[in-house]
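Read through the structure below, which is laid out as structure tokens, and then see the notes.
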Amino acid sequence: PANGIEGPPLLALIDEDACIGCVKCLPPCPVDAIIGARKQMHTVIAELCTGCELCVAPCPVDCIVMVPRSSVADAPPGPEPHLNRERFHAHNERITRRAQEQAALVAVRKQTANTTAASRTNQAAR
Numbered sequence: 011p012a013n014g015i016e017g018p019p020l021l022a023l024i025d026e027d028a029c030i031g032c033v034k035c036l037p038p039c040p041v042d043a044i045i046g047a048r049k050q051m052h053t054v055i056a057e058l059c060t061g062c063e064l065c066v067a068p069c070p071v072d073c074i075v076m077v078p079r080s081s082v083a084d085a086p087p088g089p090e091p092h093l094n095r096e097r098f099h100a101h102n103e104r105i106t107r108r109a110q111e112q113a114a115l116v117a118v119r120k121q122t123a124n125t126t127a128a129s130r131t132n133q134a135a136r
């Protein structure tokens, strides 16, 4: 099939003992369903996880597994589609904003470096 094979709704689970806190699973999650900080344990917010599996491949220690949502005791139902869209758009807007902020910072640093270099050249010429 062009879009994969439909199966049972999945849920990502993180083996907290194996997680090294590298944060490589955070950016790929399109709905920000994984929380944690660098060198800290990460966890999946089950209510938000869409089961997309995008977090699995970046994990360098293979501590993320996908399980059928129905196999997890007290697992909440999957997120509502309209909430997924809202979280997805918020995720993308944040990524775009951070990229713009980074580009602006690089431009300021470059301008500062050019100004400093020109000032030093003028002082050396005197």
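For the sequence shown, my numbering begins at 11 and goes up steadily by one.
By construction, the Cβ of each residue, glycine as well, lies at the ideal position given by its N, Cα and C atoms.
With a CB to CB cut of under 8 Å and the five nearest residues on each side skipped, what residues in its chain are close to residue i?
i          : result
residue 25 : 73, 74, 75
residue 33 : 46, 47, 48, 52
On the three-state DSSP scale, how would you describe residue i?
i           : result
residue 122 : helix
residue 105 : helix
residue 10  : One cannot answer for residue 10 here, as it falls past the ends of the chain, which runs 11 to 136.
residue 113 : helix
residue 100 : helix
residue 135 : helix
residue 22  : strand
residue 127 : helix
Within the same chain, show all residues whose beta-carbon is closer than 6 Å to that of residue i, passing over the 5 residues directly before and after it, in chain order.
i          : result
residue 36 : 44
residue 71 : 28, 30
residue 66 : 74
residue 68 : 34, 35, 38
residue 89 : 58
Apart from the five residues just before and just after residue i, which ones in its own chain have a Cβ nearer than 7 Å to its Cβ?
i           : result
residue 40  : 62, 64, 98, 101
residue 51  : 26, 29, 31
residue 127 : none
Since residue i and residue j are thought to touch, with beta carbons under 8 Å apart, how far apart are those beta carbons, to the nearest angstrom?
i          : j          : result
residue 78 : residue 38 : With 8 Å as the limit, residue 78 and residue 38 do not qualify as a contact, their Cβ atoms being about 21 Å apart.
residue 85 : residue 21 : 6 Å
residue 93 : residue 54 : So it is not a contact: roughly 16 Å between Cβ atoms.
Review point. With contact counted as at least three CB pairs below 8 Å, one residue from each stretch, are the region 110-120 and the region 57-67 in contact?
Key: no
Review point. Taking the runs of the beta strand (DSSP E) that are 3 residues or longer, which of them lie wholly in the region 34-96?
Key: 74-78
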